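Enquirer: Below are the structure tokens for one structure; questions will follow.
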Amino acid sequence: MRAVLSIAATTFRESIRNRTVLGILLLALGFIASALLLAELALDQRIRVIVDWGLFCVSFFGVILAILIGVSLVHKEVRGKTLYVILSRPIHRRQYIVGKYLGLALTLLVEVGILSATLILLLFASDQAPTLLLYKALLCILAEILLVAATAVFFASFSSPYLSGLFTLGVFVVGRSLDALNTLADKVEMTAVWALLKGLFFVLPNFAGFNLSNRVVHEIPIDFFEVGWLWVYGIGYMGLLLLLGTWFFSRRDLT
Amino acid sequence: MNVDNQAIRIRALFKTFRTGLRRKKTRALKGLDLDVARGEIFGFLGPNGAGKTTAIKILVGLLKADSGEASLLGRPVADVSCRRRMAYLPELPDFYDYLTPVELLFHCGLLSGLDRHHIKRRVPELLERVGLDPEEKRSLRKFSKGMLQRVGIAQTMLADPDVYILDEPMGGLDPLGRRWVKDLILELGKSGKTVFFSSHVLSEAEAVCDRVAFLHRGRLMAQGSLREVLEAHTDCWEIQVEGHAVRTDENIQPKAARIEPAGPDTLLVPAVDRPDALLGALLAGGHRIRSVNQRHASLEEVFVRTLSGSGEQREGKG
Chain A
31 MRAVLSIAAT
41 TFRESIRNRT
51 VLGILLLALG
61 FIASALLLAE
71 LALDQRIRVI
81 VDWGLFCVSF
91 FGVILAILIG
101 VSLVHKEVRG
111 KTLYVILSRP
121 IHRRQYIVGK
131 YLGLALTLLV
141 EVGILSATLI
151 LLLFASDQAP
161 TLLLYKALLC
171 ILAEILLVAA
181 TAVFFASFSS
191 PYLSGLFTLG
201 VFVVGRSLDA
211 LNTLADKVEM
221 TAVWALLKGL
231 FFVLPNFAGF
241 NLSNRVVHEI
251 PIDFFEVGWL
261 WVYGIGYMGL
271 LLLLGTWFFS
281 RRDLT
Chain B
560 MNVDNQAIRI
570 RALFKTFRTG
580 LRRKKTRALK
590 GLDLDVARGE
600 IFGFLGPNGA
610 GKTTAIKILV
620 GLLKADSGEA
630 SLLGRPVADV
640 SCRRRMAYLP
650 ELPDFYDYLT
660 PVELLFHCGL
670 LSGLDRHHIK
680 RRVPELLERV
690 GLDPEEKRSL
700 RKFSKGMLQR
710 VGIAQTMLAD
720 PDVYILDEPM
730 GGLDPLGRRW
740 VKDLILELGK
750 SGKTVFFSSH
760 VLSEAEAVCD
770 RVAFLHRGRL
780 MAQGSLREVL
790 EAHTDCWEIQ
800 VEGHAVRTDE
810 NIQPKAARIE
820 PAGPDTLLVP
830 AVDRPDALLG
840 ALLAGGHRIR
850 SVNQRHASLE
860 EVFVRTLSGS
870 GEQREGKG
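In structure tokens, the structure reads:
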């Protein structure tokens with residue numbers, strides 16, 4: 031466990047000090063702050079615009095950071111040969127993957143925390159206390175980002191960073207449209223296409239379920255059970271992806 | 560070699576890589592056998608692409624062999640626990656960009672299973688020993704190659720392992736840095752540690768090794784103590800004689816293997832024969848002897864001869 035925590039702490043330190051990551055975080059903060067400008071154009075819908083734009087920014091930049099850091103984690107260490115020094119010590123490869131993921135999750139937690147805090151401050155600055163609905167939506171966005179990160183680590187465990195990035199982005203985009211795919215599958219007549227669409231529907235994580243910003247904007251209630259279920263679903267998928275990633279990584283030749 | 564006394568044992572090790580879209584096979588190791596005794600400084604030598612790094616990566620658990628056996632201190636390399644007493648330095652390491660040397664060493668110490676208090680005490684000592692400032696606050700990306708190599712060597716010494724596996728430890732270093740690494744290897748050897756290092760710079764290996772092995776295209780070409788390897792390639796006794804009269808002296812010619820144009824008046828006698836009889840004949844013939852020397856090939860010459868010999872064999876078979 032100590033090895034896993036040390037890998038997680040080092041991953042966190044390395045990611046949080048990374049200038050590219052800091053740059054993206056600053057850009058994200060700028061985009062969230064721009065909600066105030068957009069809100070000026072919306073007249074009586076100011077708060078809705080701030081909430082909608084703010085949640086979009088937290089989710090969008092969170093996903094970008096999860097993919098960017100996630101896919102480069104392993105590759106960067108292979109390139110710099112740091113991984114050789116780490117894995118030639120008395121640790122198992124599964125400890126490395128779990129430690130890396132925990133470090134990445136901690137980094138994303140801090141970054142999503144900063145972005146969320148900025149959004150909440152903007153609301154206070156606009157004389158609007160954030161609702162419980164908003165906190166619930168932010169919690170679901172965090173779960174979604176952690177699941178994207180697990181997907182990125184899974185692909186990074188056996189493929190190049192470019193391919194991993196592409197695959198993760200693909201899974202995320204398709205995962206956001208799973209309900210549409212399912213509806214489409216029910217309408218097609220070709221068995222092969224039906225099987226493909228249904229296969230994707232059952233195998234890929236349903237990212238659309240984590241996106242609750244519309245419900246916050248339109249003040250449709252979200253109960254704690256729903257948030258809890260999304261987290262259980264997300265953690266289940268994360269565990270499965272890490273398990274598969276560990277399996278692939280343990281068999282990988284580090285050339 | 561007694562198995563208990565073996566630090567590294569490799570038997571019939573094969574490794575093939577598949578590269579490119581067509582998954583073309585590249586055989587990196589073709590049945591490698593190797594024995595390294597405890598306490599030895601062992602030079603694993605070969606040209607670029609010989610398979611040295613592949614063999615080392617199998618030893619430290621980064622690659623899996625297709626077949627064959629590899630063990631460290633009596634345990635198979637697949638057993639993670641054997642790495643407790645081994646340390647590895649990759650060729651030209653880069654490490655983490657944004658960590659300081661202290662943070663990196665602390666991390667490595669924890670991964671080696673060391674106690675936090677022990678690491679806290681040991682890290683400044685080690686940084687001083689490798690010539691770095693223990694208070695260094697700069698991140699590793701601002702370090703030069705030589706400084707990174709020193710950090711790399713410090714991380715190998717953290718857990719005071721019994722076996723050091725160093726891949727091209729003198730690569731990318733300036734002459735002072737290379738000298739420092741050589742001295743360190745010798746120091747480790749004197750303290751009873753096993754040092755197994757790869758190199759393609761043979762003159763440097765010659766200065767520190769107890770035993771060497773030559774690897775070429777994934778095959779072991781020669782293995783033995785430095786003395787054995789060099790003596791096997793002792794060229795001749797070189798006797799310099801004044802004047803040209805020796806060329807026509809009928810008493811001398813049968814005792815000399817050949818007379819070579821190494822100098823105007825130089826006789827060369829193969830080392831398999833003691834030169835006593837020839838010296839006696841020269842003195843009896845009234846020739847004046849200028850010098851008598853035993854001529855060894857350098858490790859580099861031995862290496863080139865071994866490789867060219869293997870090339871000839873392959874051509875002969877082909």
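As you go down the protein sequences, you meet chains A and B in turn.
Here the first sequence is numbered in my numbering, starting from 31 and rising by one per residue.
Here the second sequence is numbered in my numbering, starting from 560 and rising by one per residue.
All C-beta atoms in this analysis are idealised placements derived from N, C-alpha and C, irrespective of residue type, glycine included.
Here the structure is a predicted model, which means the values were calculated and not measured.
Would you identify the three-state DSSP class for Arg873 of chain B, choosing helix, strand or coil?
Expert: Counting from one through the second sequence, the residue named residue 873 of chain B turns up at place 314. Its pLDDT being 40, under 50, Arg873 of chain B is placed unreliably in this model, and the value from its coordinates should be taken loosely. Arg873 of chain B falls in the helix class under three-state DSSP.
Enquirer: Please tell me whether Ser190 of chain A has its Cβ less than 9 Å away from any Cβ of chain B.
Expert: Counted from its first residue, the first sequence places residue 190 of chain A at position 160. Judged by the 9 Å Cβ criterion, Ser190 of chain A is not in contact with chain B.
Enquirer: For Ala587 of chain B, which three-state DSSP category applies?
Expert: As a working note, residue 587 of chain B is residue 28 in the second sequence. Ala587 of chain B: strand per DSSP, three-state reduction.
Enquirer: Do Thr181 of chain A and Gly100 of chain A count as a contact pair if the criterion is CB distance below 9 Å?
Expert: What you label residue 100 of chain A is simply residue 70 of the first sequence in a count that begins at 1. What you label residue 181 of chain A is simply residue 151 of the first sequence in a count that begins at 1. Yes, these two residues count as a Cβ contact at 9 Å.
Enquirer: Spatial neighbours of Gly690 of chain B within its chain, please: C-beta separation below 8 Å, excluding the five flanking residues on both sides.
Expert: Here residue 690 of chain B refers to the residue found at position 131 when the second sequence is read from its first residue. Result list for Gly690 of chain B: Arg709 and Trp739, in chain order.
Enquirer: Are the C-beta atoms of Lys228 of chain A and some chain B residue less than 9 Å apart?
Expert: For the purposes of this step, residue 228 of chain A is taken as the residue at position 198 of the first sequence. It does not: the Cβ of Lys228 of chain A has no partner Cβ on chain B nearer than 9 Å.
Enquirer: Taking the CB atoms as reference points, tell me whether Asp184 of chain A and Leu103 of chain A lie closer together than 9 Å.
Expert: Position 154 of the first sequence, counting from 1, holds the residue named residue 184 of chain A. Position 73 of the first sequence, counting from 1, holds the residue named residue 103 of chain A. Per the sequence shown, the amino acid found at residue 184 of chain A is Phe instead of Asp. It is not a contact, given that the beta carbons lie outside the stated cut-off.
Enquirer: Should the region 659 to 678 of chain B be regarded as contacting the region 592 to 608 of chain B, the criterion being three or more beta carbon pairs within less than 8 Å?
Expert: No, the region 659 to 678 of chain B does not touch the region 592 to 608 of chain B.
Enquirer: Which of helix, strand or coil does DSSP assign to Thr753 of chain B?
Expert: Counting from one through the second sequence, the residue named residue 753 of chain B turns up at place 194. Correct three-state label for Thr753 of chain B: strand.
Enquirer: Taking the C-alpha atoms as reference points, what is the distance between Phe862 of chain B and Val767 of chain B?
Expert: As a working note, residue 862 of chain B is residue 303 in the second sequence. As a working note, residue 767 of chain B is residue 208 in the second sequence. Between Phe862 of chain B and Val767 of chain B, the C-alpha separation is close to 16 Å.
Enquirer: Would you check if the distance between the CB atom of Phe573 of chain B and the CB atom of Thr585 of chain B is smaller than 9 Å?
Expert: Here residue 573 of chain B refers to the residue found at position 14 of the second sequence. Here residue 585 of chain B refers to the residue found at position 26 of the second sequence. No. Outside cutoff.
Enquirer: With a threshold of 9 Å between beta carbons, is Met645 of chain B in contact with chain A?
Expert: Counting from one through the second sequence, the residue named residue 645 of chain B turns up at place 86. Yes, Met645 of chain B counts as interfacial toward chain A.
Enquirer: Between Asp656 of chain B and the rest of its own chain, which residues show a CB-CB distance below 7 Å, the 5 nearest in sequence each way excluded?
Expert: Within the second sequence, residue 656 of chain B is the residue found at index 97, counting from 1. Excluding residues within five positions, the ones whose Cβ falls inside 7 Å are Ser698, Leu699 and Arg700.
Enquirer: Suppose you measure from the CA of Gly875 of chain B to the CA of Ser867 of chain B; what does that come to, to the nearest Å?
Expert: Your numbering for residue 875 of chain B matches position 316 in the second sequence. Your numbering for residue 867 of chain B matches position 308 in the second sequence. With a pLDDT of only 34 at Gly875 of chain B, under 50, the local geometry of the prediction cannot be trusted, and the value read off the model is given with reservation. In a straight line, the C-alpha of Gly875 of chain B is about 12 Å away from that of Ser867 of chain B.
Enquirer: Under 8 Å, CB to CB, which of the residues in the region 612 to 634 of chain B have a partner in chain A?
Expert: Listed by position along the chain: Lys616, Val619, Gly620, Leu621, Leu622 and Lys623.
Enquirer: List the DSSP bridge partners of Phe576 of chain B.
Expert: Position 17 of the second sequence, counted from the start, is the residue given in the question as residue 576 of chain B. Phe576 of chain B is bridged to B:Thr585.
Enquirer: In angstroms with no decimal places, state the Cα-to-Cα distance between Lys228 of chain A and Gly205 of chain A.
Expert: Here residue 228 of chain A is taken as the residue at index 198 of the first sequence, counted from 1. Here residue 205 of chain A is taken as the residue at index 175 of the first sequence, counted from 1. About 13 Å.
Enquirer: Give a yes or no on whether 9 Å exceeds the smallest Cβ distance from Ile600 of chain B to chain A.
Expert: The sequence position of residue 600 of chain B within the second sequence is 41, counting from 1. Not one chain A Cβ lies under 9 Å of Ile600 of chain B.
Enquirer: Hey, does Pro235 of chain A have any beta-carbon neighbour from chain B nearer than 9 Å?
Expert: Start at 1 with the first residue of the first sequence, and residue 235 of chain A comes out as number 205. With 9 Å as the cut-off, Pro235 of chain A does not count as an interface residue toward chain B.
Enquirer: Measuring alpha carbon to alpha carbon, tell me which of B:Leu745, B:Ile569 and B:Pro693 ends up nearest Thr659 of chain B.
Expert: Taking the second sequence and counting its residues from 1, one reaches residue 659 of chain B at position 100. Selected option, being the one with the closest Cα: B:Pro693.
Enquirer: In chain B, which residues lie with their C-beta within 7 Å of the C-beta of Tyr263 of chain A?
Expert: Within the first sequence, numbered from 1, the residue matching residue 263 of chain A stands at position 233. Under the 7 Å cutoff, chain B gives no residues; its nearest Cβ is about 33 Å from Tyr263 of chain A.
Enquirer: In angstroms with no decimal places, state the Cα-to-Cα distance between Leu35 of chain A and Pro120 of chain A.
Expert: Here residue 35 of chain A refers to the residue found at position 5 of the first sequence. Here residue 120 of chain A refers to the residue found at position 90 of the first sequence. About 15 Å.
Enquirer: Judging by CA-CA distance, which residue of A:Ile175, A:Phe197, A:Ile116 and A:Asn236 is the nearest neighbour of Leu621 of chain B?
Expert: Taking the second sequence and counting its residues from 1, the one referred to as residue 621 of chain B is at position 62. The shortest C-alpha separation from Leu621 of chain B is found at A:Ile116.
Enquirer: So, is the C-beta of Gly608 of chain B closer than 9 Å to a C-beta in chain A?
Expert: The residue you call residue 608 of chain B lines up with position 49 of the second sequence. It does not: the Cβ of Gly608 of chain B has no partner Cβ on chain A nearer than 9 Å.
Enquirer: Could you check what DSSP says for Val595 of chain B in three-state terms: helix, strand or coil?
Expert: To locate residue 595 of chain B, count along the second sequence from 1; it is residue 36. DSSP places Val595 of chain B in strand when its eight states are reduced to three.
Enquirer: Measure the Cβ-Cβ separation of Glu174 of chain A and Phe240 of chain A and say whether it is below 9 Å.
Expert: Against the first sequence, residue 174 of chain A aligns to sequence position 144. Against the first sequence, residue 240 of chain A aligns to sequence position 210. Yes, these two residues count as a Cβ contact at 9 Å.
Enquirer: Are the Cβ atoms of Ala69 of chain A and Ser156 of chain A separated by less than 9 Å?
Expert: Here residue 69 of chain A corresponds to residue number 39 of the first sequence, with the count starting at 1. Here residue 156 of chain A corresponds to residue number 126 of the first sequence, with the count starting at 1. Contact: yes.
Enquirer: Alpha helix (DSSP H) containing Glu628 of chain B: first to last residue?
Expert: Within the second sequence, numbered from 1, the residue matching residue 628 of chain B stands at position 69. Note, Glu628 of chain B: premise wrong, no alpha helix (DSSP H); beta strand (DSSP E) at Ser626 to Leu631.
Enquirer: Leaving out five residues before and five after His601 of chain B in sequence, what residues of the same chain have Cβ atoms less than 6 Å from its Cβ?
Expert: Position 42 of the second sequence, counted from the first residue, corresponds to residue 601 of chain B. Checking the sequence shown, residue 601 of chain B turns out to be Phe, not His. Excluding residues within five positions, the ones whose Cβ falls inside 6 Å are Val595, Phe755 and Arg770.
Enquirer: Look up Arg570 of chain B in the DSSP assignment and say whether it is helix, strand or coil.
Expert: Within the second sequence, numbered from 1, the residue matching residue 570 of chain B stands at position 11. It is a strand residue.
Enquirer: Using C-beta distances below 8 Å, list every residue in its chain close to Thr276 of chain A, excluding the 5 sequence neighbours before and after it, in chain order.
Expert: Within the first sequence, numbered from 1, the residue matching residue 276 of chain A stands at position 246. So the qualifying residues of the chain are Arg123, Arg124, Ile127, Val128 and Ser187.
Enquirer: Would Ile712 of chain B pass as a contact of Leu664 of chain B if the rule is Cβ separation under 9 Å?
Expert: Position 153 of the second sequence, counted from the start, is the residue given in the question as residue 712 of chain B. Position 105 of the second sequence, counted from the start, is the residue given in the question as residue 664 of chain B. The answer is no: Cβ separation not under 9 Å.
Enquirer: Ends of the beta strand (DSSP E) at Leu774 of chain B?
Expert: Indexing the second sequence from 1 puts residue 774 of chain B at position 215. Element bounds for Leu774 of chain B: Arg770 to His775.
Enquirer: Output the distance between the C-alpha atoms of Leu242 of chain A and Asp719 of chain B, rounded to the nearest integer angstrom.
Expert: In the first sequence, residue 242 of chain A corresponds to position 212, counting from 1. In the second sequence, residue 719 of chain B corresponds to position 160, counting from 1. So the two alpha carbons sit approximately 55 Å from each other.
Enquirer: Does the beta-carbon distance from Gly844 of chain B to Ile811 of chain B come in below 9 Å?
Expert: One-based indexing of the second sequence puts residue 844 of chain B at position 285. One-based indexing of the second sequence puts residue 811 of chain B at position 252. In this structure, Ile811 of chain B lies closer than 9 Å to Gly844 of chain B by Cβ.
Enquirer: In three-state terms, what does DSSP make of Ser194 of chain A?
Expert: Position 164 of the first sequence, counting from 1, holds the residue named residue 194 of chain A. Helix, per DSSP.
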